[in-house]
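Okay, structure first, notes after.
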Amino acid sequence: MQSADELVSDDSIARKESQVTDEDEEEEVLLEPRFTYSRILNSIPSVFTKDAASSLVVHDKFVAIGTQTGYIYILDHLGNLHSESTARRHRSAVTAISVDTAGSYVASCALDARISIYGIGSDEFTQTIDLKVAARSVAISPDFSKRGSGQMFVTGERDLLLHERRFFSNHKYTSLYQGLERDGLISQISWRGSCIAFTNDTGTRIYDRNEERMIALVQPIHDANAMSGCRVIPSHCWLNDETLAIGWANSVCICVILPACSDQASVSSGSSRSPTRRKTHSSAARKVEVNFAWRIDMLVADISFTLKKSGSDLWKEIVVFGMKRLPGEKGGEVVEAELALLEPDGIESYILNTEDRIEMRNCTLRNLRYFHMSALPLESLYFLLGPNEFIQAQPCSADERVRWYVENDMLKEAVEYANMHESQLRELNALQIGKAYIDSLIAKGHYHEAASNLRTVCGRYKDQWEYYVNEFERHNVVLQVAKYLPVKDPQLEPESYQSVLVAALYNHPLLFHGLIKAWNPELYRVGAIIDMAMKRVMQDVVTYPLTSQQVAAIYRALAILHTHERKYDKALMLYIRLNDKTVFQVIERYNLFDLVKNDISKLMEVDADLAIRLVIENANSLPARTVLTQMTKYPKLQMAYLNRLLERNEGDEFANLAIRLYAEYDPKKLLPFLRKKQSYDITKALEICEGKQYIKEMVFLLGRSGNYSKALDLLINKLDRMDLAVDFCRENDDRALWEALIESTMNRPERITQLLNTAGEYISPLEVVEKIPQRMVIPGLRDSLTKILHDFELQLQMQAGCRSVMLDSTDELLRRYLSNCARPALIDGEATCILCSFGLTCEQSCVDEEHMRENVVAFGCGHLIHQPCVERATNQQERNSATWSIDNASCPHCRPHKNTKFVEPPLSSVCS
6 MQSADELVSD DSIARKESQV TDEDEEEEVL LEPRFTYSRI LNSIPSVFTK DAASSLVVHD
66 KFVAIGTQTG YIYILDHLGN LHSESTARRH RSAVTAISVD TAGSYVASCA LDARISIYGI
126 GSDEFTQTID LKVAARSVAI SPDFSKRGSG QMFVTGERDL LLHERRFFSN HKYTSLYQGL
186 ERDGLISQIS WRGSCIAFTN DTGTRIYDRN EERMIALVQP IHDANAMSGC RVIPSHCWLN
246 DETLAIGWAN SVCICVILPA CSDQASVSSG SSRSPTRRKT HSSAARKVEV NFAWRIDMLV
306 ADISFTLKKS GSDLWKEIVV FGMKRLPGEK GGEVVEAELA LLEPDGIESY ILNTEDRIEM
366 RNCTLRNLRY FHMSALPLES LYFLLGPNEF IQAQPCSADE RVRWYVENDM LKEAVEYANM
426 HESQLRELNA LQIGKAYIDS LIAKGHYHEA ASNLRTVCGR YKDQWEYYVN EFERHNVVLQ
486 VAKYLPVKDP QLEPESYQSV LVAALYNHPL LFHGLIKAWN PELYRVGAII DMAMKRVMQD
546 VVTYPLTSQQ VAAIYRALAI LHTHERKYDK ALMLYIRLND KTVFQVIERY NLFDLVKNDI
606 SKLMEVDADL AIRLVIENAN SLPARTVLTQ MTKYPKLQMA YLNRLLERNE GDEFANLAIR
666 LYAEYDPKKL LPFLRKKQSY DITKALEICE GKQYIKEMVF LLGRSGNYSK ALDLLINKLD
726 RMDLAVDFCR ENDDRALWEA LIESTMNRPE RITQLLNTAG EYISPLEVVE KIPQRMVIPG
786 LRDSLTKILH DFELQLQMQA GCRSVMLDST DELLRRYLSN CARPALIDGE ATCILCSFGL
846 TCEQSCVDEE HMRENVVAFG CGHLIHQPCV ERATNQQERN SATWSIDNAS CPHCRPHKNT
906 KFVEPPLSSV CS
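Given below as structure tokens:
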């Protein structure tokens, strides 16, 4: 016998069919192989020498193979036989094998009407049951090995029977389903949790032991007539506790058991022949929903699944093992075993991810029932059984997948996969595969694609980067690698970067500027690049002509290079010549204002706003007068500079200059400036405004200088604006101005109307009317007078209304006051004088101890005060008045006299 480690790989086992023809487009699509196949040897050849397999089940602990002579062989996953558990359990071919979850007991059935249950390492529940009718399928309870579980199993012939162990090893069976002759035989049973699924000719039913009822019937979607030439046995595979996959003939169905809903009635089982023993159920019941139903181009022997992630409970693909008819020579037909991976794409559609054709002996449709697959999805192991061979399928190794990509000229995919799974490669090297890919692209002239893959291939290998820079340079396409070159981790030798820069300088000056701007100067030798750039624009421009845009790009790059070399004067000179606003960034970053303070006018030409901001921020280095002097030839720039100064409340000494500049270049700002500032010479400002005939500004200046009459004359005679004249008189509030305004309107009838309409609120209309010359025709006078009288009437009405409101308010306040005065004042035992705070009912006076009881004065305001306290609170002058008496005295607390101080009497003077 061979060693346990020996798994002999046979390349002839599986021919990976990688070509699938599209029906619409005659294109061939390669399907990547997902599995590698190897025959399991060790004890297997000796078993198949004397017998042929008929059934299979695989558990985490062992493999059980049933044969056509009734033997059941127990082996490990490497094919080593466990002879102590191997025996002939039946007298005919084993049709089905089932294992409990713990892997402790195996149940099997055959056409000899015997059910054999035997333990692996334990024989407590080992038993053999002879049935009246041979069972075609069997399923053992998942918890069979647990004590007290009843050691149940189900068998299927035409009916579905549940067998349960009772006392003294007796068995009791219950019919869960009774089939008719047209329903056919139950050829497959599976048990998961509380659900038992079984299939006969009419479909797959699911029985729920918790509800003790059928919860679903999944009808077959394949054409039974088309399968008349072979016996097709359905296959079950539970993807999880609620999901069942059914493979049958050329179809795959995946159904999900949904939880019960309170408003959901019980789901019909598809048959009225359910067990008679039934408990009372609520109206709520679980239901089953078919999520996917696919027709495939092969006959299913068995199905399983793959997982989305290692160790995950989420399934990803359905693994189908079966047979496929293929066209043979001379118009015949050939049948081959096949393993396919199907990924859901829709309810009735799927994606074929792989399709492997496997060479197996005795591969005919008549023998389809003897071909089986059992899997350990968590370990990605799939075991394929034929009558005379046993094959293991496991995922391809990283080396195998990469090798397949290379063999099929899919080098890009090979590189990507090799880099992603580099740690899993044992025989191949990701770098060498990548280099082969890059070399092939260069050989084909696909330089751009080759350059774009350099990062993937070269990674952090410095020598490889430098090698390919030289290769691209040798093919005169080194610029293709410009944007992919690493600048750190790894950082290449300066020669690599300089070769790219030189190529860009002569072939793509704009790219040259971009690279100089983006790359750190530590990557290359700055001095050498400056020399080459100067030579390019000074000498080589004849041989290699440049456009103005390209020249500007090279000079901008030179400015950056000079900055790297700390030759700031040259850099600033170039930026100014190019009118490049970058000059301001350089000045601010390196504090270079002293280098340009004599070239402010040039900076203003580049960008006035930025130049002004720069000058203002460096005001300590350059006085404003010097700046304005430099800008003498640029008055608009002077004005812009003054604007910024004035916005910062600075530059009042340049007010006269500002007036001149505003008058010349920005008249809209002149009047606001005149109103805001007072530091200018009014005479000069007036001369400038007279020269420009700025009437509004002249009026303002005349008003500020006190020449109101001339200002008013300008408003009336120059601007002909009566409204502005009225506003001017109102602002200055001079009676003489109003009279002058009235006199100036008497010679213009239309002005009289305007005056009456606009100035009626500020002057008496009667004064205007009285001065109107006799027999002067004034347009609109009647309407103006009507409006004035109407406004006067409204004014009188408003005054009357206000007076009425005031009188009503006065009456209300008087009534409230009289009501307060009429209120009684309560004097109880705890009442105190508001002034001295002693009791009002004391036995002796607050002032004189000789008087036993003093009078108490009650005022209308409600205050109670001792009479002596009132007298003391009233000043001497008032008491000496002939009109004063206690009867007409006012409350000293509410209306205290000024400078009157009330002195409290000593405690001994308080009456008891």
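For what it's worth, the working numbering labels the leading residue of the sequence shown as 6, then goes sequentially. All C-beta atoms, glycine included, are put in the ideal place defined by N, C-alpha and C.
Could you tell me if residue i is buried or exposed, where buried requires 16 or more neighbouring beta carbons within 10 angstroms of its beta carbon?
i: THR5; result: Nothing can be reported for residue 5: it is not among the residues displayed for the chain, which extend from 6 to 917.
i: ASP135; result: exposed
i: ALA270; result: Residue confidence for ALA270 is low, a pLDDT of 43 falling below 50, so the modelled location carries little weight; the figure read from the coordinates is stated next. Exposed is the call here.
i: VAL159; result: buried
i: CYS826; result: exposed
i: PRO873; result: buried
i: LYS177; result: exposed
i: VAL810; result: exposed
i: PHE172; result: exposed
i: PRO38; result: buried
i: ASP361; result: buried
i: THR133; result: exposed
i: THR41; result: buried
i: MET918; result: In this structure the chain extends from 6 to 917, so residue 918 is not present and cannot be described.
i: ILE891; result: exposed
i: PHE797; result: exposed
i: ARG119; result: buried
i: ASP816; result: exposed
i: LEU750; result: Looking at the sequence shown, residue 750 is not Leu but Thr. THR750 is buried by the Cβ-count criterion.
i: HIS64; result: buried
Residues in the same chain with beta-carbon distance under 6 Å from residue i, minus the five sequence neighbours each way, listed in chain order, please.
i: VAL482; result: TYR452
i: HIS898; result: ILE839 and HIS868
i: ARG900; result: none
i: LEU181; result: LEU165, LEU167, TYR212 and PRO280
i: PHE864; result: CYS896
i: SER501; result: GLU471 and VAL474
i: LEU691; result: LEU706
i: ARG530; result: PRO499
With distances taken between CB atoms, is the gap from residue i to residue j smaller than 7 Å?
i: LYS697; j: LEU707; result: no
i: SER684; j: MET636; result: no
i: VAL611; j: VAL620; result: no
i: LEU244; j: TRP320; result: yes
i: CYS242; j: ILE308; result: yes
i: VAL505; j: ALA523; result: no
i: GLY155; j: ILE194; result: no
i: LYS292; j: LEU249; result: no
i: LEU373; j: MET303; result: no
i: GLY333; j: VAL339; result: yes
i: VAL34; j: ALA69; result: no
Mind reading off the beta-carbon distance from residue i to residue j? Whole number of angstroms is fine, and I expect it under 8 Å.
i: ILE687; j: SER710; result: 5 Å
i: LYS723; j: ILE700; result: 5 Å
i: LEU165; j: PHE130; result: Wrong, their Cβ atoms sit about 22 Å apart, outside the cutoff.
i: LEU647; j: GLY656; result: 6 Å
i: THR100; j: SER142; result: 7 Å
i: ALA538; j: ILE559; result: 6 Å
i: ILE77; j: GLY71; result: 5 Å
i: ARG45; j: PHE395; result: Residue identity check: residue 45 is Ile in the sequence provided, not Arg. Yes, ILE45 and PHE395 are in contact; Cβ-Cβ is about 5 Å, under 8 Å.
Looking only at its own chain, which residues have a Cβ that is under 7 Å from the Cβ of residue i, when we skip the five neighbours before and after it?
i: GLU432; result: ASP404
i: GLU322; result: PHE310, THR311, LEU346, LEU347, GLU348 and ASN358
i: PRO677; result: none
i: LEU4; result: As displayed, the chain neither begins before 6 nor continues past 917, which places residue 4 out of reach and without an answer.
i: GLU702; result: LEU675, LEU676, LEU679 and CYS694
Quick one: what's got a C-beta closer than 8 Å to residue i's C-beta in the same chain, skipping five residues either side?
i: ILE443; result: ALA455, ASN458, LEU459, VAL462 and TYR473
i: HIS480; result: ILE447 and TYR452
i: ARG680; result: PHE705
i: PRO147; result: ASP105, THR106, TRP196, ARG197 and GLY198
i: ARG653; result: ILE621
Item to complete: Would you check if there are 3 or more beta carbon pairs closer than 8 Å linking the stretch 48-61 to the stretch 407-421?
Response: Put simply, the stretch 48-61 does not touch the stretch 407-421. Fewer than three CB pairs are less than 8 Å apart.
Worksheet item: Do the stretch 570-583 and the stretch 540-551 meet, that is, are 3 or more Cβ pairs less than 8 Å apart?
Response: no
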